[in-house]
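Engineer: Chains as they are written, first to last, in my numbering: chain A, 618 to 957; chain B, 16 to 536; chain C, 17 to 305; chain D, 4 to 346; chain E, 138 to 467.
Okay, here's the structure, questions in a sec.
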Amino acid sequence: MSEPLLRVDNLVKHFPIRAGFLMRQVGVVRAVDGVSFSLSPGETFGLVGESGSGKTTLAMTLLGGYRATAGEIWFRGDNIADPVARRRRPALTKEIQVVFQDPGSSLNPRRTVRQTLEVPLRVHRLVSTHGEAARQIARLLETVELPAEFMHAFPAALSGGQKQRVAIARALATEPSFIVLDEPTSALDVSVQGKIIALLLDLQRRLNLTYLFITHDLSLMRNVATRVAVMYLGKLAELADTASLFGNPLHPYTRMLLSAIPVVSEAEERLKPRWVVPRGETPSPARVPPGCSFHPRCPDAFAVCPRIDPVAASADGRHVVRCHLYPGCTPAEVADAART
Amino acid sequence: SAGGPREPIVLRIDEVAVAEIDPAKSTDFIDSILFYNLYDTLVAAAPGGRLAPSVAESWTISPDALTYVFKIRQGIKFHDGTPLTAADVEFSLQRMMALRQGFSYLYDGWVSAVKASGPSTVAITLAKPYGPFLSTLVRLGVASKALVLKNKKDGKFGEFGDYGDAFLSATDAGSGPYQIKSHNPQQLSVIEKYPAYWQGFAANAPDEVRVLLSVEAATIRTLMVRREHDVTSQWLPTEIYRALDDTQGIALATERGQSNLFLKINTKRAPTDDINVRKAMALGFDYDEVLRLIRINDRVTAGKTARGPIPEGFPGFDATLPVPKRDVAAAKAALGQSKYKDVEMEFGWVAEVPLEEKIALLFQQNMAEIGVNVKVVKVPWALMTEKATKPDSTPNIVPIFFAGTYPDPDSFLYSTYHSTAAGSWTSMEWLLSKDVDGLLDKARTTATADQRLLLYKQAQKMIVNQVPDIYPYEQFAVFAYQEYVTPAFIDPAKAIPVQGAHWNFRLWQVDMAKKKAMGGK
Amino acid sequence: MNAVAVAPAREHLRRTWYAFSRNGGSVVGLGIVVAIVLLTTFAPWLTPFPRHARAFTDFEHAGLPPGRPYALGTDTIGRDIFTRVVFGYRFSLLLGVVVLTAAVPTGVLLGLLAGYYRGWPETVIMRITDIFLSIPPLALALAIMAVLQPNLQNAMLAVSAMWWPWYTRLVYGLVSSLRTEGYVQAAQIVGASPAHILLREILPNCLPAVLTKMTLDMAFVILIGSSLSFLGLGVQPPDPDLGTMVADGAKYMPDLWWISVFPGLAILVVVLGFSLLGDGLRDVFGVEV
Amino acid sequence: MRYSTFLIQRVLLSVLVLLGLSILIFMIARVIPGDPARIALGPLASRSQIEALRAQMHLDEPLYVQYAYYLAGLLRGDFGESLYTHRAVAIDLRDLFPATLELVFYSGLLMVVIGVPLGIVAAVWRDRWVDHTVRLVSLAGVVTPAFVWAIVLMLVFAYALGVLPVAGRLSPGLVPPSAATGTVTLDALLAGNLRAYLDFLRHLILPSVSLSLAGVAQAARLTRASMVDVAGRPYIEAARAFGISESRIALKYMLKPSMIPTVTILGLDFAALLGNAFLVESVFAWPGIARYGVEVILRKDLNAIVAVVMIMGLFFVVINFCIDMLVGYLDPRIRLRQMEDAA
Amino acid sequence: MTPEPLLQIRDLHASFVSYRGLARVLNGVNLTVGRGEKVGLVGETGCGKSLTMRAVLGLLQPPRARVRGEIWFAGRNLLALPSRELEQIRGREIAMIFQDPMAALNPVFTIGDQLLDVIARHPKGRPSATEAWERALAILREVALSDPERVMRAYPVQLSGGMRQRVLIAMALVNEPALVIADEPGTALDVTIQEQILLLMRSLVDAKGLSVLLITHNLGVVRALTDRVYVMYAGSIAETAPTADLFRTPKHPYTQGLLASVPKLSGEGVPRGIEGMIPDYLAPPPGCRFAPRCPFAQPRCQQPPPWVTVDTDHQVACVLYDAAPAPRLP
Ligand SMILES: Nc1ncnc2c1ncn2[C@@H]1O[C@H](COP(=O)(O)OP(=O)(O)OP(=O)(O)O)[C@@H](O)[C@H]1O
Ligand SMILES: Nc1ncnc2c1ncn2[C@@H]1O[C@H](COP(=O)(O)OP(=O)(O)OP(=O)(O)O)[C@@H](O)[C@H]1O
Ligand SMILES: [Mg+2]
Ligand SMILES: [Mg+2]
């Protein structure tokens, strides 16, 4: 395997919780709680997981939007979790880009599409003249399938999907090497989504881009990701090659997810695992259950689950899972203790 | 009527600025009004600028004019009931000289000793003969030594502590016809009758006088019309006097012979250091237009054309000086003689006195007609006093109203034209003339009154020849008053040409019945 | 695609004018401002007594009510009020425009910096702002005057010196809440410089409030002319200045009401003009197309 | 980090601000043109008198020495003596500050109680006649200085109609309530003297209205502008879709987010009233500190200048603090941030 | 069996005044939701789905927007209703779940504050404070928000996108309106939660006889939840059919393209979507607005397309099926 482009090592991001007018800190949200993985150049790393499990927080921490509480993020040999190191590398903003989940608020309501798109072009000196910028913006809009006239529009006049396309155009503008796609197509219809995804894949192939792809649409994930990680309450539950994950889901949560995928044909229904009835409530990351955090909802939970947090382990070195059902996941000494 | 408490007679007046009631510090117009009502002075100013006995029943002057012995009147009581004695007079003068504020400069360097001997004799020894000395004693208010020392605070005057500095700024220790009831120097000062006053009161003299301080002209006017106010200050705009005079039940009174308007010309700054320029200015100024400017209505005006630095009615007035007249041709001719070509000058007027703006603009227009370019600048009073400290910063021309403070020509001339006064706002002419100094010094050290008068006339001629000022007009102070009030000075025979001295409220009268009838509140 | 061929400048102008003129008031406002500018430019030819704006006294005709030939009456010096109002616009507008162009950018910029950067820049800027806000304008003006020459330029400087903190405070408050907006984060992530983020992303979103305050301040600045000229700082007599005319004339109410009422109305008109204009500009900077 | 930490930090910073202010105003007071001794001694003082006073006031020493003297006095609770009233500055402040504070308080109340609702009304009925009227009238409010309002109101209500008193805080006949706090409101109410309080309110109407009109107008316009801005936000449309009544939308959903600029500017306006009240005070003979402040500045009354400015500065600091609190209350994002800063 | 209609949109037109001219977005929308029916509305982004719903709620205000047509709801034409009466309907009889969860929540109030305001408008009268609080917690739990107490006290910034979305769903459902318009309720949710919510909506609909109008891009969700689907393109309805029908035999070339664009779980790659893009509303093509992108376009497409009934309850606006002309919708 080639040298990883990005390696995340035991990354932690906690938010304090405050309440009342005096805003006392009453607890902590463990939004990201010890996540490790690495990305090779050119791959599409899928990140799925339930809402609030910390995907966006993870992405924002990679992007430098939040300061990591602990852990390391290595990007091309630099630990960019350290804000000082990040500042030393201004080019990071060119290399790492993002398309946000929420198109409405990521566009400045008082700036036209053109003004918004011109920023990355100018910042990274990708264009020098006014006319060149206009041409480049028209080209960008064309790649995201918006008519060039839209460059004069304000976000308020765009539909949700149109806004998202502008956001994608903005991310593409810097010709980055790594793009975080935080639910980039969730506001788009399937037709446009198809085009955008195709475009993103084209670009990836052409420019050897690496994607961190966050989505709830597992059907889409199935088709774009090379590897998929499943996140649950700030931790990775399972990480595997796409085919392996969809074909042989190990973690009960993964299975629960896959069984709930809405599909459009009977043929696909048959591809989903046996339906696992979702049960219980999603725990809050502010009050993570002890032991395996999934145990209250897990159909297969057993005695050790509420007491001990499993560790990640893999039988084949590629399909990693964090569940007591699998060998190696129960910490050795605990397992020993349980045996005696 | 006997029996039953009578409704107190209240007189309400107003004045600008803060009121200082310490006799050793008071100088301003309003200070003077309160001063003369709260304190008895050693010598009193009388109508026509004469001097009259007061606390000093009589006095004798030694032949060398260096020792003055005063016989102190017995039976005068301070407001706390204690008798006034020679020791109090001695104390008051010493205190004034020690504090070195207010009018103390009149004694500074002149008085070498003051000594009370017994309850009724005070001897003051001078370092050299001092002609105006007796006149200046109209500003020596007698405070109770015992009371002041009882209320002294810590201070730098050794056994005298702060010399009652704080105490006398808050209340009085006098023997005058009125005593402090409440005093807020910025807002309202209330004085009430001291019934045991030795000289008595007029029949309907006010029991209480309320002095409202620093209130807008429009407010005073409203209060007057609502009959919630009795007598205005002399500082209202002409237009308001006119309106008040048109109001039923309100009349205007004027008071003359106290004050003069000077257009002080800086004789040490180009181009007004050239006497030809100054002559041109004086000739080019339109004195008649000034009269139009200060005219209130057909009956009342705020002044008349002046002849020189001293107003008519004040000791030392020189009736032989010519009445100035505008003569454009002569002015142009004088200007032609000047060494300056394009004559340009700065006219600084005191921002607090709106009337001066009109004078300034008139002057500007007049000068434009003879080819002099005048730049008019508005200067707040505090800045003006600062500018006055140096010839370079003193504007070329500044209008200043000056009122006599003791009944002697010296009051007008010395602080204006003597070199030692230079640097103060009274002497922005920067005359610095040895000859004038000589005459003024000589007049001071001359003992006999007639001789002194001659010297002062001589000095005035010499001064006027150098054109250090334009004298646009002699100011008549105008007051509006309710017709149920009779001010003491309404009778010209009773007018005292010294700032504040005639505002002796014990002689004023308020006709309460008439007031009721007129709807007074 | 021929849409790109549309000249962006013209396109922008068209949009701007559309946004501006959609609200009829702003066109009226522009009209008023333009009319006043023209009126003052050609004042010597458009007023009946241009001499009255300079050294001139005529106590014979002082305090005349509106009528002929003095349309708006005369003041206590006998000068035509109409003439002086028209000439007065010159100084008042100059004062207003100069002060606001000096104070607003300064204040806004400091507010942006303080609101955006946490830590010491915020503390330093905002506390200095506090100090400046606490100093009485009069003291500040006098102090500046003491150090510099008392002339019109320095008067403007003095007023600007007391004006900027208000904008700093206003913008600071706005930026504090705007800085967490998604688009600000987005701009940071594409690598936009802080200058860009502050000036292009955040500033436009502060403009409505700033513009509103500016139109009102136009009035306040014109009025402050009167206190300045009292200190001998601002416009000096006989040059007319609207603020001074209003303040001084008030003394003669109600008899000579015209002395202060007409200059007051004149200020009202120009401020109304600017205010309507400001509303229009707000629409131009606004979110809608 | 706790919010209380933020509060404590903020208070400490305020003390620092006051210290900085004292140094700055100390210097400003000394560069203001004019010789305090000369001004204090009055028109006719001689040069030697002036020299004597200058020495007494340490005016011939370097500035930092003067400041040290001043600070030493301050630590003894001594503000020095006013050259203007010849009284202890502390006494002047005690006499004058409560009256102005009271006037300013009621004016501020009017600004909020009248101005903000007017702004709301104008925003809700945007582009209708109510809006146009409010906007035009508020402009008139802004372009007319408080001083002119004072005169106009006085002429109408006291001169022409004669329904309201003109000068002072209480009718002359009325005994002033015991001067525990110096404010009539508190003193009268503490003493249960309702008659005095009502009389005071009658005296208060004209000055407080004149003083607050510009602020009322400003409040109305600022409120309207930001309400209109907020009205276009999606969450307002959402609230409407949930059937929240228009009045509740206006008074809650639009008002709170739109109050940030209004609160900021109005708060400062309020604090500035303390200094701006001087002409109104002199029209209505209100025994206040604003007039005193202007006089002492013009007379270069060093001790009084510093003391008055420090009092005003303290007021500003307190108001500023309240603005910060209020803005934090209005927008939780700001509050969250304030805390992070304190951390 | 066609249920009694609850919402009936007839020939709805909407246009916007813009500096470049008039944008005619909605171009004769006809749509009916029956009582107790679950209807899906799908269509490409920007085709006017949200706009139609805003028109229903009376949120399109002149002078910017011009709306024409009829919107009948429970016997009243909403477009002709005075605003006060409309206010009574909103949130009680018709509730809307907004597309953009961040923007739709007021940033300066806590969730609790906003939710309680909605609860206070319960048609059966205002509940007591504790009752309202309980009801709020219950509904938050129902939309699968764990720790509802924290959510109630949180400000919108403190919640994840999905959490906000669920809060909005809770706000819409809490008063049990007759019609719930859900504008992309699932976009920000993971599939398990989405499923949970869809189940919840379905159970409410079934239990209380509510109607649902579900707007979404997710055709899988439409298939799972709805009884009937409308397909919209560029401001008008292209096709409508019972759900199963539509997924089995889509008629309109646009519908066909749309279905073909859905990525499949079988993993054969992401389909490329329909060629071309949605027209510019300032200058839409005459006749059928889809014609420029249609592989079957013919000269006849220059005229407005006919409204053809191809099967029971299955209608399509396309000349391809014109053989059996059917009367236009009433
Ligand atoms: N700025 C913040 N302050 C406090 N808590 C936060 C903040 N941002 C996010 N959280 C909390 O962190 C947790 C993870 O949020 P995050 O946005 O990362 O979830 P997500 O996986 O992206 O969810 P979704 O799929 O809904 O977007 C949530 O519980 C959220 O409430
Ligand atoms: N205020 C407006 N002014 C001008 N045009 C508008 C306005 N609001 C919406 N539009 C236009 O109307 C069209 C339809 O918008 P709408 O929001 O209804 O789309 P949508 O079908 O909901 O799309 P999405 O699925 O992306 O949310 C868009 O092309 C948009 O540009
Ligand atoms: Mg997220
Ligand atoms: Mg939509």
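Even for Gly, the Cβ is constructed at its ideal location relative to N, Cα and C.
Bear in mind the structure is a predicted one, so any value in this text is a computation, not a measurement.
1. Measuring only from the beta carbon, is E:S187 closer than 7 Å to any heavy atom that is part of ligand 2?
2. Given a limit of 9 Å on CB to CB distance, which residues of the segment 201-217 of chain E reach chain D?
3. Looking only at its own chain, which residues have a Cβ that is under 8 Å from the Cβ of C:G45, when we skip the five neighbours before and after it?
4. Can we count D:S250 as close to ligand 1, meaning its CB is less than 7 Å from some heavy atom?
5. Check whether the Cβ of A:F632 sits closer than 7 Å to any heavy atom of ligand 1, and report yes or no.
6. Got a sec, what are the start and stop residues for the beta strand (DSSP E) D:K259 sits in?
7. Does ligand 2 have a heavy atom nearer than 7 Å to the CB of E:Q236?
8. Closest to E:R227 by C-alpha separation, out of E:A151, E:R287, E:V317 and E:S265, would be which residue?
9. Give me the chain C residues within the contact set of A:K711, using Cβ-Cβ distance strictly less than 9 Å, ordered along the chain.
10. Let me know if B:D79 comes out buried or exposed under the rule of 16 or more other beta-carbons within 10 Å of its beta-carbon.
11. Does the distance between the C-beta of D:T8 and the nearest non-hydrogen atom of ligand 1 fall short of 7 Å?
12. In the DSSP assignment, the beta strand (DSSP E) including B:T136 goes from what residue to what residue?
13. Taking buried to mean at least 16 other C-beta atoms within 10 Å of its own C-beta, is B:G133 buried or exposed?
14. Shortest alpha-carbon distance to B:D301 belongs to which of B:T287, B:E384, B:I139 and B:L162?
15. Looking at the unbroken alpha helix (DSSP H) that takes in A:E886, where does it start and where does it end?
16. I believe B:A94 touches B:Q194 by the beta-carbon criterion, under 8 Å. Please report the beta-carbon distance rounded to the nearest angstrom.
17. Are the C-beta of C:R185 and some C-beta of chain D separated by less than 8 Å?
18. Taking Cβ positions only, does A:M618 come closer than 8 Å to chain C?
19. Verify the contact flag: A:K672, CB atom, against every heavy atom of ligand 1, threshold strictly below 7 Å.
20. Using the C-alpha atoms, what's the distance from A:L724 back to E:I248?
21. If I follow the unbroken beta strand (DSSP E) through C:I93, where does it start and stop?
22. Which whole-angstrom value is the C-beta distance of B:V292 and B:L350, which I expect to be below 8 Å?
23. Quick check on A:N725: does DSSP put it in helix, strand or coil?
24. By the 8 Å beta-carbon criterion, what residues does the segment 286-302 of chain D contribute toward chain B?
25. Taking 6 Å as the limit between beta carbons, can you name the residues of its chain near E:Q145, skipping five residues before and five after?
26. Is there contact between the segment 258-272 of chain B and the segment 490-501 of chain B, where contact requires at least three CB pairs shorter than 8 Å?
27. Can you pull out the residues from the segment 217-240 of chain E whose beta carbon lies closer than 8 Å to at least one beta carbon of chain D?
28. Please compile the residues from chain B whose C-beta is within a distance smaller than 7 Å of the C-beta of D:P63.
29. Is there at least one non-hydrogen atom of ligand 2 closer than 7 Å to the beta-carbon of E:T182?
30. Got a sec? Which residues, its chain only, sit under 7 Å from B:D526 by beta carbon, not counting five neighbours each side?
Structural biologist: Reading it off the structure:
1. Under cutoff, so the answer is yes.
2. Under the 9 Å Cβ criterion, the segment 201-217 of chain E contributes no residue.
3. L288, G289, F290, S291, L292, L293, G294, D295 and G296, listed in sequence order.
4. No, the Cβ of D:S250 stays beyond 7 Å of every heavy atom of ligand 1.
5. It does: the Cβ of A:F632 is within 7 Å (strictly closer) of some heavy atom of ligand 1.
6. Judged by DSSP secondary structure, D:K259 falls outside any beta strand (DSSP E) and instead within the alpha helix (DSSP H) spanning L258 to N279.
7. Indeed, a heavy atom of ligand 2 lies less than 7 Å from the Cβ.
8. Nearest C-alpha to E:R227: E:V317.
9. Correct list: V206 and G207.
10. Counting Cβ neighbours within 10 Å, B:D79 comes out exposed, since fewer than 16 surround it.
11. For ligand 1, not one heavy atom lies less than 7 Å from the Cβ of D:T8.
12. Its beta strand (DSSP E) spans residues T136 to L141.
13. Exposed.
14. Distances from the CA of B:D301 to each of B:T287, B:E384, B:I139 and B:L162 were compared; the closest alpha carbon is that of B:E384.
15. Here the alpha helix (DSSP H) through A:E886 covers E883 to E886.
16. A small fix is needed here, since residue 94 of chain B is His in this sequence, not Ala. Indeed they touch by this definition, with Cβ atoms about 4 Å apart.
17. Closer than 8 Å to the CB of C:R185 there is at least one CB belonging to chain D.
18. Summary for A:M618: the model assigns pLDDT 49, below 50, so the residue's position carries little reliability, and this model does not support an answer.
19. Taking the Cβ of A:K672 as the reference point, at least one heavy atom of ligand 1 falls within a distance shorter than 7 Å.
20. CA-CA distance, E:I248 to A:L724, rounds to 24 Å.
21. Where C:I93 is concerned, there is no enclosing beta strand (DSSP E), given that its DSSP letter is neither H nor E.
22. Contact flag correct, Cβ pair sits at about 7 Å.
23. Coil.
24. Of all residues in the segment 286-302 of chain D, V286, F287, A288, P290, R294, Y295, E298, L301 and R302 have a Cβ within less than 8 Å of some Cβ in chain B.
25. Its chain contains T169 and W209 as the residues whose beta carbon lies nearer than 6 Å to that of E:Q145, once the 5 sequence neighbours on both sides are disregarded; these appear in chain order.
26. Enough Cβ pairs lie closer than 8 Å, so yes.
27. Answer set for the segment 217-240 of chain E: S220, E224, Q225, I226, R227, G228, R229, A232, M233, F235, D237 and A240.
28. Sequence inspection shows Asp at residue 63 of chain D; the Pro mentioned does not correspond to that position. None at all; the shortest Cβ gap to chain B is about 15 Å.
29. Relative to the non-hydrogen atoms of ligand 2, the Cβ of E:T182 comes within a distance shorter than 7 Å of at least one.
30. The residues are N219 and Y499.
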